[in-house]
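Novice: Structure in structure tokens, see below.
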Amino acid sequence: MRFLGLSSLLRPEDSVALHQASRAYIEARLKEQFDGPVVVVTHYAPSVGSIEKRFEHDPLSPCFASRLDELIGASNVDLWVHGHTHTTFDYMIKRTRVVCNAVGYRDRSGGKVPERENAFRPDLVVEI
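Pasting the structure below:
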């Protein structure tokens with residue numbers, strides 16, 4: 001895999017460094033005083049709570065979700081919205097609502113998204 005258009009490959013240590021930098025950035029922003037609802041939007045899931053049960057023990061699951069439950073639980077975040085999992089999730093970590101409203105994968109034959117439990121909700125509105 002090429003990394004950010006450079007000629008080098010993306011190595012595990014690169015992923016770890018990017019994760020640490022992103023986490024530090026989020027932690028710093030959450031320490032700032034803000035009067036109003038706090039919403040965090042990330043591409044990757046903040047918790048393994050956003051991993052489908054069938055992938056729970058898959059060795060690649062860490063590529064889809066971080067383990068930020070402790071950070072979230074100790075924070076003032078009202079809502080955390082994420083993508084990347086291709087599966088819809090809506091659950092709580094302490095006082096924080098975690099939402100992923102994913103369309104999912106299209107089937108291989110021609111483009112329809114298969115029906116499934118916890119499907120994409122095109123009319124979803126999240127109030128905070």
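Here our numbering is used: position 113 in the sequence shown is 113, and no number is missing along the way. Here a beta-carbon is modelled for each residue, glycine too, at the ideal position from N, C-alpha and C.
Classify residue 103: buried if its beta carbon has 16 or more other beta carbons within 10 angstroms, exposed otherwise.
Specialist: Result: exposed.
Novice: Among the candidates 88, 75, 126, 100, whose CA atom is the shortest distance from the CA of residue 26?
Specialist: Closest option to residue 26, Cα to Cα, is 75.
Novice: For the structure I just gave you, are there three or more beta carbon pairs, one from the region 87–97 and one from the region 48–67, closer than 8 Å?
Specialist: Verdict: yes, contact present.
Novice: For residue 42, collect the residues of the same chain with a Cβ closer than 7 Å to its Cβ; drop the 5 residues on either side in sequence, then sort them by chain order.
Specialist: These residues qualify, in order along the chain: 82.
Novice: Apart from the five residues on each side of it in sequence, which residues of its chain come closer than 7 Å, Cβ to Cβ, to residue 40?
Specialist: Excluding residues within five positions, the ones whose Cβ falls inside 7 Å are 26, 77, 80.
Novice: Would you mind reading off the limits of the alpha helix (DSSP H) that contains residue 26?
Specialist: Residue 26 -> alpha helix (DSSP H) spans 12–31.
Novice: Cβ of residue 44 within 9 Å of Cβ of residue 66?
Specialist: For residue 44 and residue 66, yes; Cβs fall inside 9 Å.
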